[in-house]
Amino acid sequence: KKVYKNGLTLLHAAAYRSELDVVQRLVRAGADVDALDDWKETPLHYSMCNRNDVSGFLIEHSADINCKSKDGETPLHRSIEHKNTEATKILITRHACIHSKDNFGDTPLHLACLNNNSKVARLLIDLKANVNEQNNDGTTPLHLAVLNGKYKIVVKLAENGADLSLKYRESNPPLHIACLKHYPGVALLLIDLKADVNEQNNDGATPLHLAV
621 KKVYKNGLTL LHAAAYRSEL DVVQRLVRAG ADVDALDDWK ETPLHYSMCN
671 RNDVSGFLIE HSADINCKSK DGETPLHRSI EHKNTEATKI LITRHACIHS
721 KDNFGDTPLH LACLNNNSKV ARLLIDLKAN VNEQNNDGTT PLHLAVLNGK
771 YKIVVKLAEN GADLSLKYRE SNPPLHIACL KHYPGVALLL IDLKADVNEQ
821 NNDGATPLHL AV
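If you count by the numbering used here, then the sequence shown holds residues 621 to 832, one letter each, in order.
The structure is reproduced here in structure tokens:
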């Protein structure tokens with residue numbers, strides 16, 4: 621039964637509030653674990669920002685772990701956005717798709733790099749997430765890791781075949797970004813990895829131009 625104008629059910633509300641006892645009672649009484657609100661989000665989407673016992677229970681009762689919202693987000697996208705590492709691990713253990721893209725073209729690995737979640741980024745890379753996947757504006761996970769100055773993630777991405785020449789938003793390669801953001805450690809790492817120190821961006825600038 622719908623309880624709010626935006627299509628929320630009691631199960632959505634209980635999942636969001638981490639009310640495990642209520643969630644259990646509703647599901648055992650026949651509540652639809654894959655009910656969609658007006659944003660096409662399920663109770664599992666809502667559970668990602670809180671306690672993991674709720675999400676675990678919903679998954680055990682056959683909630684669709686790859687269901688996409690109107691924004692194209694799966695529960696895995698949502699768990700990473702909320703830095704809920706345990707929920708992320710539960711989803712991955714249950715074979716949630718690690719390659720799924722949201723409407724912006726972002727994969728779970730993009731979001732892990734965007735949100736500085738090194739542990740999840742390493743896990744996804746070990747599971748063979750595409751390190752060179754580009755979102756709708758051409759951004760790769762490496763671009764996001766460099767933008768955030770995440771040295772260890774950059775190392776992990778590079779070790780697993782990240783392309784050092786792909787341009788961020790069709791302008792700056794990773795080394796240019798590191799110089800522009802004044803991350804000397806990341807810049808030196810990219811140089812050690814044989815990034816082209818003389819490459820020009822779309823404005824004709826080299827990394828040296830951006831470093832000064």
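Each residue gets a CB set at the ideal place from its N, CA and C atoms; glycine is no exception.
Keep in mind that this is a model prediction, so the values were computed, not measured.
Please indicate yes or no: does the CB of leucine 800 lie closer than 6 Å to some heavy atom of the ligand MN? You won't find the ligand MN in this model; it holds no ligand whatsoever.
Alpha carbon to alpha carbon, how far is lysine 776 from leucine 786? Give it in angstroms, no decimals. Here residue 786 corresponds to residue number 166 of the sequence shown, with the count starting at 1. Here residue 776 corresponds to residue number 156 of the sequence shown, with the count starting at 1. Leucine 786 and lysine 776: Cα-Cα distance of roughly 17 Å.
Counting only C-beta atoms, is glutamate 790 closer than 7 Å to chain D at any point? No chain D appears in the structure shown, which is made up of a single protein chain.
Could you tell me the distance, in whole angstroms, from the CA atom of leucine 809 to the CA atom of tyrosine 771? Against the sequence shown, residue 809 aligns to sequence position 189. Against the sequence shown, residue 771 aligns to sequence position 151. Distance between the alpha carbons of leucine 809 and tyrosine 771 is about 8 Å.
Please classify asparagine 752 as buried or exposed, where buried requires at least 16 neighbouring CB atoms within 10 angstroms. In the sequence shown, the residue the question calls residue 752 occupies position 132. It is exposed - the Cβ of asparagine 752 has fewer than 16 other Cβ atoms within 10 Å.
Contacts around phenylalanine 575, its chain only, beta-carbon distance under 7 Å, and the 5 residues preceding and following it disregarded: The question about residue 575 has no answer here: the residues shown for the chain are numbered 621 through 832.
Beta bridge counterpart(s) of asparagine 792 as assigned by DSSP: For the purposes of this step, residue 792 is taken as the residue at position 172 of the sequence shown. Answer is Tyr788.
Roughly how many whole angstroms lie between the Cα atoms of aspartate 652 and glycine 627? What you label residue 652 is simply residue 32 of the sequence shown in a count that begins at 1. What you label residue 627 is simply residue 7 of the sequence shown in a count that begins at 1. Taking the straight line joining both Cα atoms gives about 13 Å.
For a test of the three-state rule: what should DSSP assign to threonine 826, helix, strand or coil? In the sequence shown, the residue the question calls residue 826 occupies position 206. Looking at threonine 826 - three-state DSSP - the assignment turns out to be coil, as it is neither helix nor strand.
Taking leucine 830 as the reference, which of His697, Asn792, Ser682 and Leu800 has the closest Cα? Residue numbering aside, residue 830 sits at position 210 when the sequence shown is read from its first letter. Considering only alpha carbons, the answer is Leu800.
Flag this pair as yes or no: are the beta carbons of isoleucine 685 and proline 728 separated by less than 7 Å? If you number the sequence shown from 1, residue 685 lands on position 65. If you number the sequence shown from 1, residue 728 lands on position 108. No, Cβ-Cβ distance for isoleucine 685 and proline 728 is not below 7 Å.
Near glutamate 661, what residues of its chain come up, given a Cβ to Cβ distance below 7 Å and the 5 sequence neighbours on each side ignored? By 1-based counting over the sequence shown, the position of residue 661 is 41. The residues are Ser689.
Assuming glutamine 754 is part of the alpha helix (DSSP H), what are its boundary residues? The sequence position of residue 754 within the sequence shown is 134, counting from 1. It is not in any alpha helix (DSSP H) - glutamine 754 carries neither H nor E in the DSSP assignment.
What does a CB cutoff of less than 6 Å around alanine 741 pick up in its chain, not counting 5 residues either side in sequence? Sequence index remark: in the sequence shown, residue 741 carries index 121 (1-based). Answer for alanine 741: Ala732, Cys733 and Ile773, listed in chain order.
Taking the alpha carbon of asparagine 768 as the point to measure from, which residue in Pro827, Lys721, Lys814 and Val806 has its own alpha carbon closest? Translated into positions along the sequence shown, residue 768 becomes position 148. It is Val806.
In three-state DSSP terms, what is proline 649? Taking the first residue of the sequence shown as position 1, residue 649 is located at position 29. One point to set straight first is that residue 649 is alanine, not proline, in the sequence displayed. If DSSP states are grouped into helix, strand and coil, alanine 649 belongs with coil.
Under the three-state DSSP convention, the category cysteine 799 falls into: Reading the sequence shown from its first residue, position 179 is the one you call residue 799. Residue state, collapsed to three classes: helix.
Between which residues of its own chain and proline 794 is the CB-CB distance below 7 Å, once the five residues before and five after are set aside? Walking along the sequence shown from the start, residue 794 turns up at place 174. Correct list, in chain order: Leu762, His763, Val766, Leu784, Leu810 and Ala815.
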